[in-house]
Structures are given as structure tokens and as C-alpha cells.
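**Q** Before I ask anything, here is the structure I am working with.
Protein chains in written order, with the working numbering: chain A, 1 to 265; chain B, 1 to 274.
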């Protein structure tokens with residue numbers, strides 16, 4: 001089971017998974033180095049358009065956004081409490097909320113969504129076996145690479161278990177909708193415990209199943225039925241990515257472009 | 001007395017567009033033991049989840065004890081409908097078996113003394129008394145399943161739904177479980193059993209509903225539904241062995257309601273002078 005993978009034959013699907021694994025942190029570095037709301041929004045908008053063009057359904061993109069939504073919403077709300085420079089927009093309860101703080105908070109929020117989209121972009125366009133191959137080719141030990149891909153594919157499985165357990169507890173009369181925050185949080189305990197027990201049990205079974213299939217045997221050279229190949233297209237994409245990121249990082253470092261949350265210079 | 005459950009023209013479509021149920025209508029009388037059979041993906045669990053409000057109808061309606069499931073929260077319906085899920089691990093969470101059995105009635109506000117009585121009764125009935133202080137999570141699968149059923153029976157539901165409760169149980173354990181369920185039914189309870197085991201259904205159920213591709217294709221006494229070899233095969237089910245035997249050898253004149261080898265033995269014994 002692949003976590004977010006959407007099968008397809010688009011540019012991103014065909015690109016070598018190693019390229020995707022290396023390009024994502026590069027773009028993440030760009031997002032982390034910039035503070036400007038407009039630059040970051042442009043990058044995230046470009047990412048979204050790229051994914052849509054590559055056949056990723058809008059529903060999958062929404063799902064990823066929903067996953068980071070709690071953080072992405074909380075940051076712009078909290079930022080104005082700690083960032084005070086710039087012209088004051090309004091001052092409720094004696095707090096001075098400035099336009100720059102708002103922009104900075106929104107920029108941070110866009111950055112979080114962007115980082116999530118970069119990571120998700122790799123997962124949405126790369127099958128687990130291609131990802132596993134890429135990690136091994138990038139010199140990660142096979143055991144570690146497999147652990148990473150299994151962990152990723154377990155996310156939707158855990159979510160499914162959580163939903164099933166919630167149903168089972170609701171059916172037993174657990175009332176999740178009434179009472180205060182504390183009471184409601186306490187009522188989640190049966191769900192969390194049962195989910196954890198089920199997950200641990202299936203992890204145990206999985207470990208045994210892997211062992212039975214010869215996993216972890218020392219001193220063997222593994223071959224792989226599935227191979228990945230670096231194509232000329234990958235070289236072109238790698239050069240383009242490197243050039244774009246280098247230019248953006250250079251502008252930021254040399255000229256301070258995008259340092260301000262609201263203004264471009 | 002009105003039926004305990006009334007399902008009227010029930011349709012259910014999942015968000016991905018799959019029509020899991022199309023136009024299912026049936027009612028369940030109080031004191032009935034209804035078996036829901038059909039191949040995987042035919043909509044058995046989807047239908048059962050409508051009876052305690054976990055799923056709401058896309059069209060049509062479901063009435064349980066006179067309540068429309070669309071208008072009543074699951075926690076209210078849970079006072080009337082006990083649901084034992086396929087995987088017992090999804091409902092088990094308490095530190096001890098005793099606590100697990102007490103959880104349901106406590107959530108319903110049953111007085112402590114009565115909770116203790118019910119827990120003691122079910123521990124006894126399921127042979128779980130030696131494990132009362134043991135964490136249920138460390139018990140073997142068959143005992144965990146018993147804990148799951150017992151913890152639902154302590155809520156004294158009017159309708160007990162069992163979703164494939166005999167998976168992983170040996171013949172003796174299956175018999176024990178079904179006897180406890182039958183005792184609950186004899187005490188005035190109503191049972192909905194989902195099972196792939198048609199022999200078991202034939203022996204215990206008082207009525208049988210066959211689902212195929214989200215439609216109710218047969219509803220009647222087990223001796224009618226399970227004896228319809230062609231109907232079962234068309235729905236993707238394999239008829240019980242003795243039913244197939246009587247279809248292959250009609251000259252034997254075997255009765256329609258014949259699901260267990262012991263009964264066949266009793267019928268054939270005089271022929272061989274024993």
C-alpha cells in the first residue's frame with residue numbers, strides 16, 4: 001500500500017526518484033531562507049500548478065493541506081504576539097498587531113504548506129518500490145531504506161485502524177461530542193489505547209513475516225528486480241532545478257531579496 | 001408490537017461513488033435470530049452499520065426501536081444496539097478483562113451494583129472468570145473475541161449484532177459462543193448474525209437474508225434460503241454440504257432443514273439397522 005502515490009506517466013512520475021529526493025530538500029532550503037510572503041506564495045502556487053499538471057487530483061492536494069492545517073492556521077494567529085515591528089494595524093486588548101507581523105505569520109504558514117507539498121510531491125509521484133530503490137542507490141542501508149518505506153506506507157493504515165477503532169468505541173456508547181474539552185480528551189483514551197495495541201500487534205506480525213522471508217540475513221548481496229535509470233531528461237531537470245535554486249539563494253544572500261515579510265526589496 | 005428494526009428502501013453510496021447498498025428493505029422482529037449472508041463486498045457490514053447509526057442512509061430510512069437513525073446520535077442508539085466488530089482488538093482497551101466488561105454499562109450510567117452483577121454473569125457465561133484481572137490485550141485471539149462479545153452483552157442491548165464472530169474459534173468455542181448468544185435471544189434479545197458459515201447459520205438462525213452486490217436477493221427461513229442451491233450459487237455462495245447432497249440425490253428424500261451431520265446420521269441409522 002502506497003501512502004499518497006497517484007500512478008501516472010507525467011514528467012514528475014518519470015523523473016528519477018533520486019532526483020526528486022535531492023531536489024525536494026534544495027527547494028526546502030529556498031523556502032526556509034526566504035521570509036517574503038509573495039515569493040513563498042509564488043513558489044507554493046507554482047508547486048500546486050505543477051502537481052495538477054502532473055495529474056495529481058486536487059483532492060489529494062487538499063488532503064495534504066488538511067494534514068498541516070492545524071499548524072498552518074495556528075502560526076499566523078500566534079505570530080503577531082511576538083513580532084512587533086512595522087506600522088500598527090489595530091490594537092485589540094492592548095496588543096499591537098502590525099501588518100508586518102501578519103505578513104510574517106502568513107509567510108511562515110505558506111512555508112509550512114510548501115514544505116509539506118515538497119515532501120508530498122515525492123510521495124505522490126513515486127511508488128514505494130522506486131523510493132526504496134532510490135534510497136538504496138543513495139547509499140542508505142537496505143534495512144533502513146525498507147524501514148522508511150514501510151513507515152510511510154503505514155500512515156494510511158494507521159489512519160484506517162484509528163477510524164475503525166473510533167467506530168467500534170462509538171458503537172459501545174462512547175460519546176465524543178458532549179462535555180468540556182478535558183472530558184472529551186479523556187474520552188479519546190479508549191480509542192488511542194486500542195489503536196496503539198492494534199498497531200503494535202500488527203508491527204510485531206510484520207516483523208516476524210519479514211524475518212520469515214529472510215530479511216536481515218547478513219553477508220548477502222541483494223539484487224533487485226526493479227531498477228531505476230538516470231535518463232538525459234533527469235540531467236536536464238537536475239540542472240534546471242540547481243540553477244533556479246542557486247539563483248534564488250544567491251539573490252537572497254547577496255542582495256537581501258525577499259528578506260522582508262511584506263516588501264520585495 | 002412493531003418490529004425492532006425497519007429498513008426501508010435503503011441506499012448507501014460511499015464518497016468514492018461505490019453503491020454499497022441499493023434499495024434494501026427488511027424488518028427484524030423482536031426475539032428473532034436473523035442471519036445476514038452473502039459474499040465479501042455484498043454489503044453485509046454496511047447494512048449492519050446502518051442499524052446503530054455508524055452509517056447514515058444516502059436514501060431511504062432505518063428505524064431502530066422507533067427511532068430514525070438519521071436523527072439520533074450513535075451514543076443513544078448504542079443503548080439499544082450492541083455491535084461486536086469483526087476485529088475484537090478494535091474495541092478492547094481496558095487494563096483488565098473485568099474493566100472491559102464494565103465499560104459499556106458504566107458509560108450508560110447503570111448503577112455500580114448492577115454493573116458488577118452483569119460483569120460477573122458474563123465472566124461466568126464465557127468462562128472468563130479466571131481472567132478477570134488479566135489485561136485483555138495479552139490474551140490469545142479466541143479469548144479476546146469472547147471478551148469482545150461479553151463486553152457488549154453486559155450492556156444488555158435489545159439488538160445484538162455479531163459481525164463474523166466465529167472467525168478464529170475452534171468448533172467447541174464456536175458452539176459455546178452460539179449457545180450464549182442463543183440464551184441471550186431466549187431471554188428476549190434479538191440477534192443479527194453476519195457469517196460466511198452457512199452450516200452455522202442453518203443451525204442457529206430463525207431467518208436468513210441473502211445479499212448480493214448490495215441488493216437483498218432472498219429473505220426467508222434458513223431451510224428455504226439455504227436450500228436454494230441455484231440462488232446461492234448465483235449470489236456467489238457455496239451451499240452447505242448436506243444441501244448439495246440432497247440436491248444431487250433427490251431420491252434420498254432428505255428434509256429441507258438439514259444442516260448438521262448428526263441429524264443426517266439419525267435419519268440414516270434405521271436404514272442400516274442401527
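Every residue, glycine too, gets a C-beta built ideally from N, C-alpha and C.
According to DSSP, is residue 246 (chain A) helix, strand or coil?
**A** Residue 246 (chain A) falls in the helix class under three-state DSSP.
**Q** How many angstroms separate the CA atom of residue 229 (chain A) from the CA atom of residue 244 (chain A)?
**A** For residue 229 (chain A) and residue 244 (chain A), the distance between alpha carbons rounds to 24 Å.
**Q** Run through the region 56-100 of chain B for me and flag every whole beta strand (DSSP E) of 3 or more residues, listed as ranges in chain order.
**A** For the region 56-100 of chain B, whole beta strand (DSSP E) runs of length 3 or above, ordered along the chain, are 59-64 and 81-84.
**Q** Pull out every residue of the region 168-179 of chain A whose Cβ sits closer than 9 Å to any Cβ of chain B, in chain order.
**A** From the region 168-179 of chain A, only 168, 169, 170, 171, 172, 173, 174, 175, 176, 177 and 178 have a Cβ closer than 9 Å to chain B.
**Q** Let me make sure I understand the geometry here. Which of B:193, B:99, B:134 and B:156 has the alpha-carbon closest to that of residue 184 (chain B)?
**A** Considering only alpha carbons, the answer is B:156.
**Q** Write down the C-beta distance between residue 195 (chain B) and residue 35 (chain B) rounded to the nearest angstrom, noting that I regard them as a contact closer than 8 Å.
**A** Yes, they are in contact, since the Cβ atoms of residue 195 (chain B) and residue 35 (chain B) sit about 6 Å apart, within 8 Å.
**Q** Kindly identify the DSSP beta-bridge partner or partners of residue 220 (chain B).
**A** According to DSSP, residue 220 (chain B) bridges with B:208.
**Q** I want to see whether chain D comes within less than 7 Å of residue 58 (chain A), judged by CB atoms only; does it?
**A** As a matter of chain content, chain D is missing from the structure shown, whose protein chains are A and B.
**Q** Residue 195 (chain A) and residue 162 (chain A) - do their beta-carbons sit closer together than 7 Å?
**A** A contact, by the Cβ cut-off of 7 Å.
**Q** Along the region 30-62 of chain B, where does the CB come closer than 7 Å to a CB of chain A? Name the residues.
**A** Correct list: 52 and 54.
**Q** Measure the alpha-carbon distance for residue 25 (chain B) versus residue 9 (chain A) and round it to whole angstroms.
**A** Computed Cα separation, rounded: 45 Å.
**Q** Please confirm whether residue 83 (chain A) and residue 108 (chain A) have their CB atoms less than 7 Å apart.
**A** Not closer than 7 Å, so no.
**Q** Would you kindly work out how many angstroms separate the C-alpha atoms of residue 127 (chain A) and residue 239 (chain B), rounded to a whole number?
**A** Residue 127 (chain A) and residue 239 (chain B): Cα-Cα distance of roughly 42 Å.
**Q** Among the residues of its own chain, which have a CB less than 8 Å from the CB of residue 204 (chain B), if the five just before and after it don't count?
**A** Contacts found: 33, 35, 178, 181, 182 and 193.
**Q** For residue 142 (chain B), decide whether its Cβ has a neighbour in chain A, counting only Cβ atoms nearer than 7 Å.
**A** So no, residue 142 (chain B) is outside the interface.
**Q** Using only CA atoms, which one of A:69, A:204, A:5 and A:23 lies nearest to residue 241 (chain A)?
**A** The option with the nearest alpha carbon to residue 241 (chain A) is A:23.
**Q** Which whole-angstrom value describes the C-beta separation of residue 21 (chain B) and residue 43 (chain B), a residue pair presumed to lie in contact below a C-beta threshold of 8 Å?
**A** The pair is a contact, with the Cβ atoms about 5 Å apart (cut-off 8 Å).
**Q** Smallest Cα separation from residue 153 (chain B): which of B:186, B:46, B:175 and B:83?
**A** Nearest of B:186, B:46, B:175 and B:83 to residue 153 (chain B), Cα basis: B:83.
**Q** Report yes if the CB atom of residue 149 (chain A) is closer than 7 Å to the CB atom of residue 12 (chain A), and no otherwise.
**A** No, Cβ-Cβ distance for residue 149 (chain A) and residue 12 (chain A) is not below 7 Å.
**Q** Does residue 6 (chain A) come out as helix, strand or coil in the three-state DSSP assignment?
**A** Looking at residue 6 (chain A) - three-state DSSP - the assignment turns out to be coil, as it is neither helix nor strand.
**Q** Between which residues of its own chain and residue 173 (chain B) is the CB-CB distance below 7 Å, once the five residues before and five after are set aside?
**A** Result list for residue 173 (chain B): 142, in chain order.
**Q** Any Cβ of chain A within less than 7 Å of the Cβ of residue 189 (chain B)?
**A** With 7 Å as the cut-off, residue 189 (chain B) does not count as an interface residue toward chain A.
**Q** Alpha carbon to alpha carbon, how far is residue 50 (chain A) from residue 136 (chain B)? Give it in angstroms, no decimals.
**A** Roughly 50 Å between the two C-alpha positions.
**Q** With 16 as the cutoff for other CB atoms within 10 Å, does residue 16 (chain A) come out buried or exposed?
**A** Buried: at least 16 other Cβ atoms inside 10 Å.
**Q** Within the region 94-168 of chain B, note down every full beta strand (DSSP E) run reaching 3 residues or more, in order along the chain.
**A** Qualifying beta strand (DSSP E) stretches, in chain order: 159-163.
**Q** Report the neighbours of residue 276 (chain B) on chain A: residues whose CB is nearer than 7 Å to its CB, in chain order.
**A** Here chain B has residues from 1 to 274 only, and residue 276 (chain B) is not among them.
**Q** Does the region 218-238 of chain B come close enough to the region 250-269 of chain B to have 3 or more Cβ pairs within less than 8 Å?
**A** Yes, the region 218-238 of chain B is in contact with the region 250-269 of chain B.
**Q** How far does the beta strand (DSSP E) with residue 192 (chain B) in it reach, from first residue to last?
**A** Taken as a continuous stretch (DSSP letters only), the beta strand (DSSP E) holding residue 192 (chain B) covers 190-194.
**Q** Spell out a yes or no on whether the region 6-23 of chain B and the region 256-263 of chain A are touching, meaning 3 or more CB-CB pairs, one atom from each, closer than 8 Å.
**A** Result no; under three Cβ-Cβ pairs closer than 8 Å.
**Q** Applying the criterion that 16 or more other CB atoms from any shown protein chain within 10 Å of the CB defines a buried residue, is residue 120 (chain A) buried or exposed?
**A** Flag for residue 120 (chain A) reads buried.
**Q** Run through DSSP, which three-state label would residue 126 (chain A) get?
**A** Reduced to three states, the DSSP call for residue 126 (chain A) is coil.
**Q** Mind checking the region 197-219 of chain A against chain B and listing, in chain order, the residues whose C-beta falls within less than 7 Å of any C-beta there?
**A** Under the 7 Å Cβ criterion, the region 197-219 of chain A contributes 197, 198 and 201.
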